[in-house]
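Visitor: Throughout, the numbering used here is defined as the position within the sequence shown, counted from one, plus 88.
We treat Cβ as the ideally placed atom computed from N, Cα and C, and that holds for glycine.
Remember, predicted model here, so these are calculated numbers, not experimental data.
I'd like to ask you about the structure that follows.
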Amino acid sequence: MKNIMKESVYHLLDVFTNQRFGGNQLAIFEDATEIPTELFQNIARELNLSETVFLYPKNDQGHYPMRIFTPVKELPTAGHPTIGTAYFLAQKYPQQIGQLELIMSQKIGEITVKVDISSSGVTMATMYQIDPIFGKVFDNRHQIADLLSLKESDLLAYPIQEVSCGVPYIIIPVKTIKNIENIIFRTDIWEQLKPLFNENSVYVFTPHGTLPNGDLHGRMFAPELGVNEDPATGSANGPLGCYLFKHNIKKGPLISEQGFEMGRPSILHIHIENEGDKITAVKIGGQAIIVGRGTFFL
Numbered sequence: 089m090k091n092i093m094k095e096s097v098y099h100l101l102d103v104f105t106n107q108r109f110g111g112n113q114l115a116i117f118e119d120a121t122e123i124p125t126e127l128f129q130n131i132a133r134e135l136n137l138s139e140t141v142f143l144y145p146k147n148d149q150g151h152y153p154m155r156i157f158t159p160v161k162e163l164p165t166a167g168h169p170t171i172g173t174a175y176f177l178a179q180k181y182p183q184q185i186g187q188l189e190l191i192m193s194q195k196i197g198e199i200t201v202k203v204d205i206s207s208s209g210v211t212m213a214t215m216y217q218i219d220p221i222f223g224k225v226f227d228n229r230h231q232i233a234d235l236l237s238l239k240e241s242d243l244l245a246y247p248i249q250e251v252s253c254g255v256p257y258i259i260i261p262v263k264t265i266k267n268i269e270n271i272i273f274r275t276d277i278w279e280q281l282k283p284l285f286n287e288n289s290v291y292v293f294t295p296h297g298t299l300p301n302g303d304l305h306g307r308m309f310a311p312e313l314g315v316n317e318d319p320a321t322g323s324a325n326g327p328l329g330c331y332l333f334k335h336n337i338k339k340g341p342l343i344s345e346q347g348f349e350m351g352r353p354s355i356l357h358i359h360i361e362n363e364g365d366k367i368t369a370v371k372i373g374g375q376a377i378i379v380g381r382g383t384f385f386l
């Protein structure tokens, strides 16, 4: 007698882009109640995307519980899964002109996302990240340059620093777009550095863009999350915006480019609000597009 397999539908999105085959891929299982929780990690590993979301129905508070997995671990929060899931949910509401507010219940807590809707549909989703924590500054600049296959002279004079808005990143500033393009991430050096970095992911940026309206250009490496390189990282661009504000490098609404070297160009909108020297809000926005649907057999 054949075993009867359950089927679970997932949706595939490209996030931080409005073009198919750009941005960061995301799988969303829209009804996680039908999937045993012990399978979440295995499913994420099988799909092998940067992140996979398991979404639950709206709870009594009107919030949407969701869990986020990389191929190797669960995350407390993440940018492109939050933006992509909000975009996906907004498609299910009657089309209305204006702004829709969604509350996403994540491992880290409640995350607010505001979705702008025009007559042509969803135009932008913006998540509010938690207040920044500025961590350790790293002085071993020569070794960190080696990690990226760059010279120490390619690094900007600003600090190399750990910053977190829920997920910690090591922020590394370099001088030029060419420096970014020339990065080859050395896993041998990473093995030496990861205890010092507490296994946190690395975000390298330059304060220049390739597009006419681009302000920043970056790359993100997360070997401990099973992600060699990520094409668009909302949870890193929030800390990046806070870093830029703290060190007086760039302020105001910023356009951040990522994923270009991977052939998946992504655009992230950074907006840091402040009262004097105090950061009062960290907002990351972007677009998304639904590109496909699949069925997983359980």
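At 4 residues or longer, and completely inside the segment 213-299: list those alpha helix (DSSP H) runs for me, N to C.
Guide: Counting whole runs of 4 or more residues, the segment 213-299 contains the alpha helix (DSSP H) stretches 229-235, 265-269, 275-281.
Visitor: Please classify MET308 as buried or exposed, where buried requires at least 16 other C-beta atoms within 10 Å of its C-beta.
Guide: Translated into the one-based positions of the sequence shown, residue 308 becomes position 220. Its Cβ being crowded by 16 or more others within 10 Å, MET308 is buried.
Visitor: Do THR200 and GLU189 have their C-beta atoms within less than 8 Å of each other?
Guide: Translated into the one-based positions of the sequence shown, residue 200 becomes position 112. Translated into the one-based positions of the sequence shown, residue 189 becomes position 101. Cβ atoms of THR200 and GLU189: closer than 8 Å.
Visitor: Is the separation between the beta-carbon of VAL103 and that of ALA376 shorter than 8 Å?
Guide: Numbered from 1 along the sequence shown, position 15 holds the residue referred to as residue 103. Numbered from 1 along the sequence shown, position 288 holds the residue referred to as residue 376. Contact flag set, yes.
Visitor: In three-state DSSP terms, what is ASN136?
Guide: Counting from 1 along the sequence shown, the entry for residue 136 is found at position 48. In the structure shown, ASN136 sits in coil (DSSP, three-state: anything other than H, G, I, E or B).
Visitor: Which partner residues of THR200 appear in the DSSP bridge assignment?
Guide: Indexing the sequence shown from 1 puts residue 200 at position 112. In DSSP, THR200 forms a bridge with ILE191.
Visitor: With a threshold of 16 other CB atoms inside 10 Å of the CB of TYR331, please say whether the residue is buried or exposed.
Guide: The residue given as residue 331 occupies position 243 in the sequence shown. TYR331 should be labelled buried.
Visitor: Compute the beta-carbon to beta-carbon distance between LEU243 and PRO261, rounded to the nearest angstrom, for a pair I have assumed lies under 8 Å.
Guide: Here residue 243 refers to the residue found at position 155 when the sequence shown is read from its first residue. Here residue 261 refers to the residue found at position 173 when the sequence shown is read from its first residue. Contact holds; Cβ gap of about 7 Å.
Visitor: Distance, Cα to Cα, ASN286 vs ARG229?
Guide: Taking the first residue of the sequence shown as 1, we reach residue 286 at position 198. Taking the first residue of the sequence shown as 1, we reach residue 229 at position 141. Looking at the two C-alpha atoms, the distance is approximately 17 Å.
Visitor: Could you tell me the boundaries of the beta strand (DSSP E) in which ASN362 lies?
Guide: To locate residue 362, count along the sequence shown from 1; it is residue 274. Where ASN362 is concerned, the enclosing beta strand (DSSP E) stretches over 354-363.
Visitor: Got a sec, what are the start and stop residues for the alpha helix (DSSP H) THR170 sits in?
Guide: Within the sequence shown, numbered from 1, the residue matching residue 170 stands at position 82. Run containing THR170: 167-178, per the alpha helix (DSSP H) assignment.
Visitor: Given this structure, state the Cα-to-Cα distance separating SER241 from ILE232, to the nearest angstrom.
Guide: The sequence position of residue 241 within the sequence shown is 153, counting from 1. The sequence position of residue 232 within the sequence shown is 144, counting from 1. SER241 and ILE232: Cα-Cα distance of roughly 12 Å.
Visitor: From SER252 to PRO327, what distance separates their C-alpha atoms?
Guide: Reading the sequence shown from its first residue, position 164 is the one you call residue 252. Reading the sequence shown from its first residue, position 239 is the one you call residue 327. Spanning the two alpha carbons is a distance of roughly 6 Å.
Visitor: Do GLY347 and MET215 come within 8 Å of each other at the CB atom, strictly closer than that value?
Guide: Along the sequence shown, read from residue 1 onward, the residue named residue 215 stands at position 127. Along the sequence shown, read from residue 1 onward, the residue named residue 347 stands at position 259. Contact: no.
Visitor: Using a 10 Å radius around the Cβ and a threshold of 16 neighbouring Cβ atoms, would you call PHE385 buried or exposed?
Guide: By 1-based counting over the sequence shown, the position of residue 385 is 297. Result: exposed.
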